[in-house]
Amino acid sequence: METASSPHRVHQCSKCPGDTEYYCVSCPCDLCPQCKEKHVKDLQTIDHDVVSHHDNYIPTQEICVRHPSHVYITYCEPCQVPACDHCRKDIKHTQIDVETAYKTKRQQHRETIHTIRSEALFYRPVLLTDIKADVKTCHTEFFLLQSEMLTKAQTLRDLIDYVLYDLLNNVLGYFDFKHRCKNQKIEMIRYIARLRRYEHRYVQPAFTFSALQFLSTIKTALPQMYVTVHTSQLSMTESLNKKDVMESLSAIQITERGNRRVGNQRLLKLTSGAELHQSLTLTDVDRCYHISRVTSDRVWVCDENKLMLIDTTGVPDLPRVEDSWSGLYGGIHTVNSESELIYIRRNYNISKLSKDMKTNTTFIERTDYTWEPQCVYWSPSTGDLLVGMCMSNYDTETGKVTRYNQSGQLTQTIQNNNTKRGLYSSPIYITENNNGDVVVSNIGPGAVVINTHPVLMGTPDTGHLVKTQLT
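Convert by adding 417 to the 1-based position in the sequence shown; the result is the number in our numbering.
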């Protein structure tokens, strides 16, 4: 039996028999959805550029939403929208090819795509598990609270019905009784007035006084009728009052606010042995004292005399920093989330160099000349800048670590432990992990000093940190 042949070929995954939906530009290789998930999470391939096969396809016959009889052919840069032939006639803006615009946008957001694949996709399974558990727990708790609220709502409804019944049958009836009494009083006043007129006309004067006195006595002896509305009949009983209702409605409590974060204890695991992934030989660097990563292919490197930007792909003639402090051999520079270089200058001020290398500003000015900065580190987890310092008089061998916020304001100083003893002699390298532990490479005894965050260790926060020394 003959089999039908097809002019189309189905791409298969390079690692399994599955159908291809993604393509790794760095390898290169075809990947199915399952192999793609493993590829972007693997430490060896986490920086690879993995794209969908649809990303390489730019529709040429997509219909214009404003002119259905035309298709998109260009991209308007000022408006940031695609345009057809008819749109080009209406708008006199600079326009480029659609495919060119797509490639440009993808290159601009390369770092964002890398962050999503290396961090967001890694945290997603852990967050999803916590969210599912929280949803199930919230559903159970809300069901119990809802049952309690329905019970008390029914009790409140019965009480309101009772109050309405009492209002219609007692209170309103009492007002009707008041109205009838008032009418009777008016009739009595009129009757007494007629009697007085009759006596004034026909009765002798000697008897008039006693008759009038008698009528006046009758008038004053009539009971005075005052209507008092007893509002206590409208009040709630002790079994259900306003306080009880408010306590029931406030039973749902939010114990913690803020963004959901993955607990670090769930991400910690023993690492395997170190593996060499990539090496680069620098011909113009004497000794590599410190490096700071800018992107996956660019790093700042310093030796005894210079601080320069290196491109791992071999791009030549990159800028250098001429005013960095060449007498220090520690971590004198770091890079923040905006790809800005933060480094120590010759005058011990700490400067910030913009990403485009055009703006250099003083971030922290040296005002206390008894201390000299030795190393800096920008913390990705907090956004703070950590600065390791030592005293200008090197004979004292006294150091400290200071923390500055993103505005350059001092927020914390770490110098002594809980027993008031100094932690450092001269910090030369400094870093901070996601748990808030500050790790300092120190000159002298206790080569590495780890200051553990007290809250994460279960110790009271008294202004000092727990110290661990590694020699």
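Virtual Cβ for every residue (Gly too), placed ideally from N, Cα, C.
query, result
"Runs of alpha helix (DSSP H) lying entirely within the stretch 473-560, each at least 4 residues, in chain order", "502-507, 515-525, 527-532"
"Complete runs of the alpha helix (DSSP H) confined to the stretch 758-846 [at least 4 residues]", "none"
"Helix, strand or coil at GLY435 [DSSP, three-state]", "coil"
"GLU757 beta carbon near the ligand SAH (any heavy atom closer than 7 Å)", "The model on display carries no ligand, and the ligand SAH is accordingly not part of it."
"Beta-carbon proximity check, LYS775 vs GLU757, cutoff 8 Å", "no"
"Integer Cβ distance of ASN747 from GLN791, believed to fall under 8 Å", "Note on identity: in this sequence residue 747 is Gly, with Asn being the wrong assignment. 6 Å between Cβ atoms; contact."
"C-alpha distance - ARG762 paired with GLY805, whole-angstrom precision", "14 Å"
"ASP854 beta carbon less than 8 Å from that of ILE867", "yes"
"Proximity winner among SER713, VAL515, VAL711, ILE727, relative to THR698 (alpha-carbon distances)", "ILE727"
"Continuous alpha helix (DSSP H) stretch holding CYS446: start and end", "Premise fails: CYS446 lies in the beta strand (DSSP E), 446-448, not in any alpha helix (DSSP H)."
"Outcome for ASP447 when other beta-carbon atoms lying within 10 angstroms are tallied against a minimum of 16", "buried"
"DSSP state of GLN451 mapped onto helix, strand, coil", "helix"
"Classification of GLU655 by the beta-carbon crowding that lies within 10 angstroms, buried from 16 upward", "Only weak support is given to the placement of GLU655: the predicted model assigns it a pLDDT of 42, under 50, and the question is left unresolved by the model."
"Backbone CA spacing between THR778 and ALA500 [nearest angstrom]", "42 Å"
"contact_flag[the stretch 449-464, the stretch 477-490] where n(CB pairs < 8 Å) is 3 or more", "no"
"Same chain only: Cβ atoms within 8 Å of VAL752, ignoring 5 sequence neighbours per side", "SER709, ARG710, VAL711, TRP717, LEU758, ILE759, TRP795"
"ILE708, enclosing beta strand (DSSP E) - first and last residue", "707-712"
"Cα-Cα separation, LYS455 to LYS432", "11 Å"
"Nonlocal neighbours in the same chain, by C-beta distance under 8 Å from ASP436, ignoring five residues either side", "VAL427, HIS428, GLN429, CYS430, CYS449"
"Rounded straight-line distance, which links the Cα of GLN601 to that of PHE594", "11 Å"
"Burial state of LEU724 (16 or more Cβ within 10 Å)", "buried"
"Residue range of the unbroken beta strand (DSSP E) whose run includes ASN852", "Per DSSP, ASN852 belongs to no beta strand (DSSP E) and is neither H nor E."
"Rounded C-alpha distance that separates GLN695 from LYS458", "18 Å"
"Where CYS719 falls, given that 16 or more other Cβ within 10 Å makes a residue buried", "buried"
"HIS617, DSSP secondary structure in three states", "helix"
"Start and end residues, beta strand (DSSP E) containing TRP911", "This structure cannot speak to residue 911, because the chain is shown only from 418 to 888."
"Through-space distance from THR529 to ASP714, alpha-carbon basis", "15 Å"
"VAL732: first and last residue of the uninterrupted beta strand (DSSP E) it sits in", "Careful: VAL732 lies outside any beta strand (DSSP E) and carries neither H nor E."
"Whether VAL818 touches LEU802 by CB criterion (8 Å)", "no"
"Status (buried if at least 16 other CB within 10 Å, exposed otherwise) for CYS705", "exposed"
"Top-ranked residue by Cα proximity to ILE533, from VAL468, ILE577, ILE513", "VAL468"
"Neighbourhood of PHE780 by C-beta, 7 Å cutoff - its chain only, sequence neighbours within 5 removed", "ILE759, ILE767, SER768, LYS769, GLY825"
"Residues bridged to TYR440 [DSSP beta-bridge criterion]", "ASP447, VAL468"
"Inter-residue Cα distance where the pair is GLN512 and THR799", "42 Å"
"Residue burial classification, GLY731 (beta-carbon count within 10 angstroms, cutoff 16)", "exposed"
"Cα-Cα separation between VAL515 and VAL482, rounded to whole angstroms", "16 Å"
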